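Structure record follows, encoded as C-alpha cells.
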Amino acid sequence: MEESRLGVIDSLSAGLNLVAERLWIIAIPVLLDLWYWRGPRLSIAPLFKSIEGTIAGAATGSIPDASINISGLIEVLDALAQQYNLFSLLSASLLGVPSLMANGNSGTVSPIEVQSGLAVVGLAAILMLAGLAIGCVYLTLIAQGVQNQPLDPRALLNQAGALWLRVIALGLLIFFFAVALIVPFSFLIGLLTLVSTEVASFLMGILYMSIIWLWIYLYFVVYAIILNRVGPIRAIWNSANVVARNFWSALGLVILIVVLTRGLALVWQRIGALHPIGMVIGIAGHAFIGSGLAAASLLFYKDRYNRWMQQTAYRAMSSD
223 MEESRLGVID
233 SLSAGLNLVA
243 ERLWIIAIPV
253 LLDLWYWRGP
263 RLSIAPLFKS
273 IEGTIAGAAT
283 GSIPDASINI
293 SGLIEVLDAL
303 AQQYNLFSLL
313 SASLLGVPSL
323 MANGNSGTVS
333 PIEVQSGLAV
343 VGLAAILMLA
353 GLAIGCVYLT
363 LIAQGVQNQP
373 LDPRALLNQA
383 GALWLRVIAL
393 GLLIFFFAVA
403 LIVPFSFLIG
413 LLTLVSTEVA
423 SFLMGILYMS
433 IIWLWIYLYF
443 VVYAIILNRV
453 GPIRAIWNSA
463 NVVARNFWSA
473 LGLVILIVVL
483 TRGLALVWQR
493 IGALHPIGMV
503 IGIAGHAFIG
513 SGLAAASLLF
523 YKDRYNRWMQ
533 QTAYRAMSSD
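Numbers in the working numbering are just positions in the sequence shown, counted from 1, shifted up by 222.
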C-alpha cells in the first residue's frame, strides 16, 4: 500500500518542528537583521542626488504637466536615498533568507556614503556574492536537518561551496533568459503602444501572468540543486516536474508561504515598533517562521521528488 503523501499542513508543521530542534539555523538571519538594525547603513544617497539633479535639469523648460510628474519622481528617489541600505544585498532573496530589517530605514550609526557609480556597482557585486555565500550556508544547515544529517562543519562548507557555484550559474542563466525575453518584448510593446494601448496592456498582462506561472514551476529549483546535488538545468527539470505532478498542492504551499511571510512580517514590525525588546522578539520570530517555511518547502519537495522517482522505477520494472 502506498504511504500517504506529505501534505501542505504536514510540511509546515514538520518544517517548524525541524527548526525548533535545530535552533542554530536561525542564527544567520537573526545576526543579519541585528546588523541592519544597529549597524551602519551603506548609503548611495549621493548617487541618487546626482540622478535627481540630472532629471531636474532635463525638466527645465518642459511643459507644466511633465514638470509635475518629474517632481513626483524626484520625491520617490529622495525617499529611496534616505532608506536604501546597500548592505541589504547580504540577504539573498534567491535563497529565501528571511529578513525583517533589510528593506527598512534602519541603522543607528551614521551612514557610510558611497560617492561614485563605479564604486556602487563594485560593492553591489561583492555584497551579492557574499550574500549568496551566506544564504548557501544557511540553506545547507536546513538541508542537513531535512536529510537527518548531524551538524558537520566540514560537510557544511563543502556542500555550501558547491551550492554557491551552482546558484551563481542559475542566476546567470535567469539573467540571460530575462534579457533575451524582455528586450524584444519591450520593443514589441513600445511599437504596439503607438497603435493601440489596449492591445499593449493586454500583452503586458500576459507577460506578468507568464512570469508568475514560470515562478511557480521553478519555485523548487534551488531546493532541487541542494537536495539532488545537480546543476541548474537538471534542477529546473526536477522542479517543473514536481510542480506539474503535484500542481494544486504545490500551488497551495506557495500561496500559504507568501501569505504567512507577508502577513506575519507586518505583525513582527508592529511588535518591534512598540519597544526595542519587541524588535528583538520580532527579528527572532521572523527568522524562526521564515526558516520553518524554508524547511517545509524542502521537506515537501523531497517527499514529492522521491515519489516521482519511485513511480518511474515501478513503471520501468512493470514494462520489463
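Cβ atoms here follow ideal geometry from the backbone N, Cα and C, with glycine treated the same way.
Since this is a predicted model, take the numbers as computed values, not measurements.
Identity of the residue in I503, M350, I411 and I438 nearest M426 by Cα: I411
Identity of the residue in G453, L403, Y523 and L521 nearest L392 by Cα: G453
Inter-residue spacing [alpha-carbon to alpha-carbon] between A242 and A422: 50 Å
Boundaries of the beta strand (DSSP E) in which L264 is found, first to last residue: P262 to S265
Contact under 8 Å by Cβ, L349 with F309: yes
Length of the line joining the Cα atoms of A249 and V443: 24 Å
V336 vs I266 beta-carbon contact at 8 Å: yes
Whole-angstrom distance between G367 and I448, CA atom to CA atom: 12 Å
Short Cβ contact (8 Å threshold) for I438 with L473: yes
For I334: DSSP bridge partner residues: L264
C-beta atoms of I364 and S513 nearer than 8 Å: yes
Contacting residues, own chain, Cβ-Cβ under 8 Å from I334 (five flanking each side not counted): P262, R263, L264 and S265
Residue from L317, L340 and P268 with nearest C-alpha to Y441: L317
Buried or exposed by the 16-neighbour rule on C-beta atoms within 10 Å, applied to N307: buried
Which of helix, strand or coil DSSP assigns to V319: coil
Three-state secondary structure (DSSP) of L302: helix
P251 - DSSP class collapsed to helix/strand/coil: helix
Straight-line Cα distance separating G229 from S418: 46 Å
Segment limits, alpha helix (DSSP H) that includes L544: The displayed coordinates of the chain run from 223 to 542. Any statement about residue 544 would go beyond what the structure contains.
Simplified DSSP state of Q371, which is helix, strand or coil: coil
Neighbourhood of G339 by C-beta, 7 Å cutoff - its chain only, sequence neighbours within 5 removed: L269
Counted within 10 angstroms of its Cβ, other Cβ atoms place R564 as buried (16 or more) or exposed: In this structure the chain extends from 223 to 542, so residue 564 is not present and cannot be described.
Validate contact between the stretch 509-529 and the stretch 456-464 using beta carbons, cut 8 Å, 3 pairs: yes
Sub-8 Å separation of L240 and A517 beta-carbons: yes
Option nearest I503 by Cα separation, candidates L378, N450 and V252: V252
DSSP three-state assignment for R451, whether helix, strand or coil: coil
Nearest residue (CA-CA) to Y523, options I458, S313 and V489: I458
Under the three-state DSSP convention, the category A346 falls into: helix
Burial state of A288 (16 or more Cβ within 10 Å): The predicted position of A288 is uncertain, since its pLDDT is 49 and thus under 50; a value taken from the coordinates is nonetheless stated next. So A288 counts as exposed.
Span of the alpha helix (DSSP H), counted from its first residue to its last, around L551: Given that the chain is displayed from residue 223 to residue 542, the structure contains no residue 551 and the question cannot be resolved.
Beta-carbon gap between G511 and L486 smaller than 8 Å: Here residue 511 turns out to be Ile, not Gly, going by the sequence shown. For I511 and L486, yes; Cβs fall inside 8 Å.
Enclosing alpha helix (DSSP H) for F510 [first to last residue]: P498 to S541
7 Å Cβ shell around L312 - same chain, five flanking residues per side excluded: L254, L349, A352, G353 and I356
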